[in-house]
Amino acid sequence: MRTTKGWTMTQTAPPSPERSLGQLLSDLSEQTSRLVRAEIDLAKAELVGRLKALGAGAGLLAAAGVVALYLVTAILATLVIVLDLFLPLWLAALIVTTLLLLVVVLLGLLGVRKLKQGTPPTPARAIENVQKDVDAVKGGLAR
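So the sequence shown is numbered by our numbering: it starts at 3 and just counts up by one.
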């Protein structure tokens with residue numbers, strides 16, 4: 003055993019040319035599990051970074067949405083004031099309110115239509131692909 007810059011290195015004997023099938027399978031199993039653990043650790047690290055970015059982005063979008071609501075209110079008040087220059091105040095407010103009602107009804111109907119298109123929410127193509135993969139594996143094992 004030797005030490006280099008704080009690292010301890012162990013020397014192992016070179017692999018013998020004649021290794022049994024059991025030893026080879028044991029090594030394969032050990033290396034495979036090590037590789038899978040390393041890949042899982044990498045995936046976890048990647049997901050944590052992405053989730054942090056998603057959280058920050060979602061927070062900023064929520065703040066933008068709140069400010070946008072105040073903006074819509076200001077625009078509507080401005081519209082009523084402008085219409086008041088040409089019409090009585092009650093009529094200006096009624097026109098703006100009617101336009102808003104029409105927009106709400108239209109968006110509601112479109113939303114209901116989209117919801118009906120998306121139900122039931124099952125991933126049909128993904129299920130089909132998984133079934134094909136299972137069939138391919140079964141076919142490969144049967145040979």
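Even for Gly, the Cβ is constructed at its ideal location relative to N, Cα and C.
task = Return helix, strand or coil for Thr124, following the three-state DSSP convention.
result = coil
key: The alpha helix (DSSP H) enclosing Arg39, as first and last residue numbers   = 23–86
ask   = Could you give the distance in angstroms between the alpha-carbon of Arg36 and the alpha-carbon of Asp43?
value = 11 Å
message = Check for me: the alpha helix (DSSP H) holding Leu103 runs from which residue to which?
response = 91–119
task = Note down the Cα distance separating Val84 from Pro90, rounded to an integer number of angstroms.
result = 11 Å
inquiry  = Tell me the DSSP secondary structure of Glu20 in three-state form.
reply    = coil
task = Spatial neighbours of Val82 within its chain, please: CB distance less than 8 Å, with the 5 preceding and 5 following residues excluded, ordered by chain position.
result = Leu91, Ala94, Ala95, Val98
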